[in-house]
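If you're matching them up, the sequences are chains Z and D in order. Residue numbers for the first sequence follow the numbering used here, beginning at 125 and rising by one. Residue numbers for the second sequence follow the numbering used here, beginning at 152 and rising by one. Okay, so here's the structure we're looking at.
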Amino acid sequence: EAGVAQSPRYKIIEKRQSVAFWCNPISGHATLYWYQQILGQGPKLLIQFQNNGVVDDSQLPKDRFSAERLKGVDSTLKIQPAKLEDSAVYLCASSLDPGGFNSPLHFGNGTRLTVT
Amino acid sequence: GNSVTQMEGPVTLSEEAFLTINCTYTATGYPSLFWYVQYPGEGLQLLLKATKADDKGSNKGFEATYRKETTSFHLEKGSVQVSDSAVYFCALSEGSNYKLTFGKGTLLTVNP
Numbered sequence: 125e126a127g128v129a130q131s132p133r134y135k136i137i138e139k140r141q142s143v144a145f146w147c148n149p150i151s152g153h154a155t156l157y158w159y160q161q162i163l164g165q166g167p168k169l170l171i172q173f174q175n176n177g178v179v180d181d182s183q184l185p186k187d188r189f190s191a192e193r194l195k196g197v198d199s200t201l202k203i204q205p206a207k208l209e210d211s212a213v214y215l216c217a218s219s220l221d222p223g224g225f226n227s228p229l230h231f232g233n234g235t236r237l238t239v240t
Numbered sequence: 152g153n154s155v156t157q158m159e160g161p162v163t164l165s166e167e168a169f170l171t172i173n174c175t176y177t178a179t180g181y182p183s184l185f186w187y188v189q190y191p192g193e194g195l196q197l198l199l200k201a202t203k204a205d206d207k208g209s210n211k212g213f214e215a216t217y218r219k220e221t222t223s224f225h226l227e228k229g230s231v232q233v234s235d236s237a238v239y240f241c242a243l244s245e246g247s248n249y250k251l252t253f254g255k256g257t258l259l260t261v262n263p
């Protein structure tokens with residue numbers, strides 16, 4: 125099966141600019157996640173979608189980050205305006221059901237964002 | 152809140168050496184526990200998992216046992232190979248939406 129696709133692979137922007145990341149999950153996976161992985165740390169959940177509805181966005185900095193999953197398939201994550209501390213790898217993952225023991229997460233290769 | 156603490160790396164071993172990567176957790180209830188692995192240039196992938204006390208997860212020669220009394224889930228392998236070089240993440244999930252909480256990761260390098 126095709127894996128989780130993310131683009132772009134790398135992005136360099138200046139602070140205060142905006143940026144968007146795209147994710148295409150595995151076909152049929154209802155649940156989609158965006159994680160932020162800062163260098164030297166483990167991934168941190170930003171937002172979780174079940175189909176096109178938000179399940180958990182408690183750690184999403186809503187003043188600058190936004191995400192959508194129109195039609196319950198592809199998703200985009202946007203940052204506007206970016207700050208230096210947003211430099212990280214942004215990971216998209218998907219699963220058949222809301223995670224859990226019998227429905228593991230499948231991760232994409234991530235987008236590496238550098239804010240200068 | 153929930154948290155995962157794993158041993159700091161990097162860990163460097165020779166081929167066929169024994170591997171242990173320590174992982175302890177803090178959780179309010181009874182979480183499921185996971186080890187994820189990230190090979191160079193690839194995305195994270197599930198290595199093994201366990202859902203309740205004394206369960207042992209195993210895959211590709213790796214093992215980890217869910218120890219409730221010590222809140223631990225240490226990763227072990229009897230004989231590592233060069234191809235095992237990767238970053239290993241311990242994680243737990245809990246709650247109705249099975250939110251994953253990750254440790255910081257441990258970089259393993261295996262030399263021939």
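Glycine included, each C-beta is placed from N, C-alpha and C at the ideal position. No experiment lies behind these values; they were computed from the predicted model shown.
Alpha-carbon to alpha-carbon, residue j and residue i
{"i": "D/A204", "j": "D/F224", "result": "10 Å"}
{"i": "D/V155", "j": "Z/R140", "result": "33 Å"}
{"i": "D/Q189", "j": "Z/L201", "result": "23 Å"}
{"i": "Z/A154", "j": "Z/A126", "result": "15 Å"}
{"i": "D/P263", "j": "D/T163", "result": "11 Å"}
{"i": "D/A168", "j": "D/R218", "result": "24 Å"}
{"i": "D/D206", "j": "D/K200", "result": "9 Å"}
{"i": "Z/L229", "j": "D/L198", "result": "11 Å"}
{"i": "Z/A217", "j": "Z/R133", "result": "15 Å"}
{"i": "Z/Y157", "j": "D/V238", "result": "21 Å"}
{"i": "Z/G177", "j": "Z/L169", "result": "16 Å"}
{"i": "D/L244", "j": "D/T202", "result": "Residue 244 of chain D is actually Ser in this sequence, not Leu. Straight-line Cα distance between these residues: approximately 9 Å."}
{"i": "Z/N175", "j": "Z/S151", "result": "12 Å"}
{"i": "Z/S182", "j": "D/N153", "result": "14 Å"}
{"i": "D/G212", "j": "D/G246", "result": "30 Å"}
{"i": "Z/F173", "j": "D/P161", "result": "34 Å"}
{"i": "Z/S211", "j": "Z/I162", "result": "7 Å"}
{"i": "Z/C147", "j": "Z/L184", "result": "17 Å"}
{"i": "Z/I137", "j": "Z/F189", "result": "15 Å"}
{"i": "D/L195", "j": "D/M158", "result": "19 Å"}
C-beta contact flag for residue i and residue j at 8 Å
{"i": "D/L170", "j": "D/E227", "result": "yes"}
{"i": "D/A242", "j": "D/T252", "result": "yes"}
{"i": "Z/S199", "j": "Z/A191", "result": "yes"}
{"i": "Z/L215", "j": "Z/G232", "result": "yes"}
{"i": "D/K250", "j": "Z/G166", "result": "no"}
{"i": "D/T179", "j": "D/T222", "result": "no"}
{"i": "Z/L237", "j": "Z/V128", "result": "no"}
{"i": "D/S236", "j": "D/V261", "result": "yes"}
{"i": "Z/Q130", "j": "Z/F145", "result": "yes"}
Classification of residue i by the beta-carbon crowding that lies within 10 angstroms, buried from 16 upward
{"i": "Z/R193", "result": "buried"}
{"i": "D/P182", "result": "buried"}
{"i": "Z/L208", "result": "exposed"}
{"i": "Z/Q204", "result": "exposed"}
{"i": "Z/D221", "result": "exposed"}
{"i": "Z/T235", "result": "buried"}
{"i": "D/Q232", "result": "exposed"}
{"i": "D/S165", "result": "exposed"}
Opening and closing residue of the beta strand (DSSP E) in which residue i lies
{"i": "Z/D214", "result": "First, the amino acid is wrong: residue 214 of chain Z is Tyr here, not Asp. A212 to S219 is the extent of the beta strand (DSSP E) around Z/Y214."}
{"i": "Z/D187", "result": "It is not in any beta strand (DSSP E) - Z/D187 carries neither H nor E in the DSSP assignment."}
{"i": "Z/Y134", "result": "Y134 to I137"}
{"i": "D/Q196", "result": "Q196 to A201"}
{"i": "Z/R236", "result": "T235 to V239"}
{"i": "D/E227", "result": "L226 to K228"}
{"i": "Z/D180", "result": "G177 to D180"}
{"i": "Z/K168", "result": "K168 to Q174"}
{"i": "D/T221", "result": "Premise fails: D/T221 is in no beta strand (DSSP E) and is neither H nor E."}
{"i": "Z/I162", "result": "No beta strand (DSSP E) holds Z/I162; DSSP gives it neither H nor E."}
{"i": "Z/Q130", "result": "A129 to S131"}
{"i": "D/N173", "result": "No beta strand (DSSP E) holds D/N173; DSSP gives it neither H nor E."}
{"i": "Z/I203", "result": "S199 to I203"}
Proximal chain A residues relative to residue i, where beta-carbon distance stays under 7 Å
{"i": "Z/L201", "result": "Going by chain labels, chain A is absent from the structure shown, which instead holds the protein chains Z and D."}
Report task. Check distances from the C-beta atoms of the segment 172 to 185 of chain Z to those of chain D and list, in chain order, the residues that come in under 7 Å. Result -> Q172, V179 and D180
Query - Residues within the segment 143 to 170 of chain Z neighbouring chain D, beta-carbon criterion of under 9 Å - result: T155, Y157, Y159, Q161, G164, Q165, G166, P167, K168 and L169
**Report entry** chain Z contacts from the segment 219 to 246 of chain D (Cβ-Cβ distance under 7 Å)
**Finding:** F240 and S244
Query - Short-range partners of chain Z found in the segment 192 to 206 of chain D, where Cβ spacing is below 8 Å - result: G192, E193, G194, L195, Q196, L197, K200 and T202
Requested in this report: Give the residues from the segment 247 to 259 of chain D that approach chain Z closer than 9 Å (Cβ to any Cβ), ordered along the chain.
Outcome: S247, N248, Y249, K250, L251, T252, F253, G254, K255 and G256
Query raised in the report: Which residues, in chain order, does the segment 186 to 200 of chain Z contribute to contact with chain D at a C-beta distance below 7 Å?
Result: none
Report task. Check distances from the C-beta atoms of the segment 130 to 141 of chain Z to those of chain D and list, in chain order, the residues that come in under 8 Å. Result -> none
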